[in-house]
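So the sequence shown is numbered by my numbering: it starts at 304 and just counts up by one. Think of the CB as a built atom: it goes at the ideal place given N, C-alpha and C, for glycine as much as any other residue. Since the structure is predicted, the reported quantities are computational estimates derived from the model, not experimental observations. Everything below concerns the one structure shown next.
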Amino acid sequence: MQYVSGKLLTEEGFVSGHLGFEDGIIREVGKGPRRDALAKGLVLPLMFNAHTHLGDSFLRRRFRGFRGERSIPALFAPPSGFKHRELRRASRRALVGGIRNALLEMRRTGTGGFCDFREGGLPGLAAMNDARCGTGLRGIVMGRPAGLGYDREEVDALLKVCDGIAVSAITDWEYPELQKLASHALGAGKLFSLHASEVFRESIDKVLDLRPSFLVHLTKAEEFDYERVAVAGIPVAVCPAANAFFGLRPRIDLMRRFGIDVALGTDNGMISPPRMLAAVQAGWEISRQGGLRPMEMLRCALTGFRKILNVPGGISFKEGAPADLFVVDDPGMYRARDPAAALVARCGAAAVSLASSRSGVWKER
């Protein structure tokens, strides 16, 4: 049996103890330290990255020297934004390699699952499925048509190999075409999602009339919009670290105040590494003055996705449960009077010394 020891995260905060696990299953939850532990520190359940675009991860290094316009429309708007031009030119090897490297980075930095918006139609989905093979990460993969129009046969083919359909925004589509697309996905029992009010405020009525399973961003939404989303019971994925690149700020505190279930993501791989701890710190920096508590911020990363997937559960470690966990090795955080507050304030640079999932155990050398 292998052990981790230190302070274990629960719904009430961190408590001293240790976990024993074997063959990917927690076999022992005990009090007090273990001298023979593989890793010691703050022990947390694996996080879930609720919004990614991993297809452009291969562009991360090249984008550092990019001299063109760095606005969201210029970089990401289909079909002629920088990202889409580069995706069309990319070799399959570069695309798959970039996605796989990003997934492995997730795994060793405390993430156990992700929800990706995959561009490129059927070939794009095939690249993702090849890239994630053997990573052990739980993937919710959202496909989209190759173009900006609805084709029944194409959507049927997409839905056979993905978990749902996700598009860029209502402003990129002819609305009747988008209605057909959403209706088709939901009618097939799949998810439907889209970015909403990211760069400017969009009609929340039109967005909600599509009956989305969840929304992404809402950085330019207003309180009326938050209220409508909350009443509709629709969860929202936000990406504070990536949004900061464009000077945008998701109002996580306001969303939570209205009762919206919020999940954290990292967005485009070319501008934001898929490190959820950095997203947690970025979210905390913009939300703490709005009254958000440290444990609420952690829940966004750990359990916020459950509403999206309709999966019950909270923050806990139980015997017989999967050993999906990671350990943050930071003496300052460990000794802090409030480890949760110390973690959210400084976790962007924290060292993950061990991560365990169904794919096995990764340990920092």
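Same chain, Cβ closer than 8 Å to residue i, neighbours up to 5 away in sequence not counted
i      : result
GLY616 : THR606 and ARG609
VAL655 : ARG411, THR412, GLY413, LEU580, PHE629, VAL630, VAL631, ASP632 and GLU667
PHE385 : PHE369, GLY371, ALA377, LEU378 and PHE379
GLY635 : ALA645 and ARG649
PHE503 : LYS523
ILE563 : TYR529, VAL532, ALA533, ILE537, PRO538 and VAL539
GLU408 : PRO576, PRO577 and ARG578
TRP665 : ARG410, ARG411, LEU657, ALA658 and SER659
Spatial neighbours of residue i in its chain, beta-carbon cut-off 6 Å, leaving aside the 5 residues before and after
i      : result
MET579 : MET350, ASN352, THR414 and ALA604
ALA449 : GLY424
LEU357 : ILE402, ALA405, ASP419 and GLY572
VAL458 : HIS487
PHE317 : LYS310 and PRO642
DSSP beta-bridge partners of residue i
i      : result
GLU325 : ILE328
ASP570 : THR355
ALA502 : Checking the displayed sequence, the identity of residue 502 turns out to be Val instead of Ala. For VAL502, which the question treats as bridged, DSSP gives no partner whatsoever.
ARG661 : ARG661 is not bridged to any residue.
CYS418 : ILE443
GLN305 : PHE324
MET350 : THR414
LYS621 : None; LYS621 has no bridge partner.
THR313 : GLY316
VAL655 : VAL631
ILE674 : This structure gives no information on residue 674, because the portion of the chain shown stretches from 304 to 668.
PHE517 : SER496
ALA342 : VAL307
LYS666 : LEU657
GLY333 : HIS321
Residue i versus residue j: straight-line alpha-carbon distance, rounded
i      : j      : result
LEU484 : ALA624 : 38 Å
LEU362 : GLY333 : 45 Å
LEU489 : VAL510 : 15 Å
LEU557 : PRO336 : 39 Å
PHE620 : ARG640 : 22 Å
ASP627 : GLY442 : 15 Å
MET445 : TYR306 : 36 Å
ARG395 : GLY401 : 10 Å
SER575 : GLY427 : 20 Å
PHE495 : PRO515 : 5 Å
GLU314 : LEU322 : 17 Å
ALA429 : LEU497 : 21 Å
ALA544 : GLU389 : 23 Å
LEU601 : TRP587 : 9 Å
ARG421 : ASP339 : 43 Å
LEU513 : ILE611 : 16 Å
ASP454 : LEU398 : 25 Å
PRO642 : PRO597 : 9 Å
ARG364 : ILE473 : 31 Å
ALA582 : ARG373 : 21 Å
ASP475 : ALA393 : 23 Å
LYS463 : ASN432 : 13 Å
VAL541 : VAL470 : 16 Å
PHE561 : ALA535 : 12 Å
LEU518 : PRO348 : 24 Å
ARG552 : HIS520 : 9 Å
Exposed unless 16 or more other CB atoms sit within 10 angstroms - verdict on residue i
i      : result
ILE328 : exposed
ASP570 : buried
GLU599 : buried
CYS436 : exposed
PRO382 : exposed
ARG554 : buried
SER319 : exposed
SER500 : buried
VAL565 : buried
ALA652 : exposed
SER508 : In the sequence as presented, Ser is not what sits at residue 508; that position holds Asp. Per the 10 Å Cβ criterion, exposed.
GLY452 : exposed
GLU300 : Residue 300 is absent from the model: the chain starts at 304 and stops at 668.
GLY416 : buried
ARG391 : exposed
GLY492 : exposed
Same chain, Cβ closer than 7 Å to residue i, five either side skipped, listed in chain order
i      : result
ASN404 : SER360
GLY298 : Lying before the first or after the last residue shown, residue 298 is absent from the chain, which here runs from 304 to 668.
ARG559 : VAL565, LEU595 and GLU599
ALA547 : ALA585
ILE375 : GLU501, VAL502 and PHE549
LEU341 : GLN305, TYR306, VAL307, LEU657 and LYS666
ALA460 : LEU425
VAL647 : VAL583, GLN584, TRP587, PRO597, MET600 and LEU601
PHE366 : MET573 and ILE574
Contact test: residue i Cβ vs the ligand PLP heavy atom, cutoff 8 Å
i      : result
GLY309 : This structure lacks the ligand PLP; in fact it carries no ligand of any kind.
With a cut-off of 8 Å, do at least 3 Cβ pairs link the region 468-484 to the region 528-535?
no
Would the region 657-666 and the region 585-594 be scored as touching if the rule is three or more Cβ pairs under 8 Å?
no
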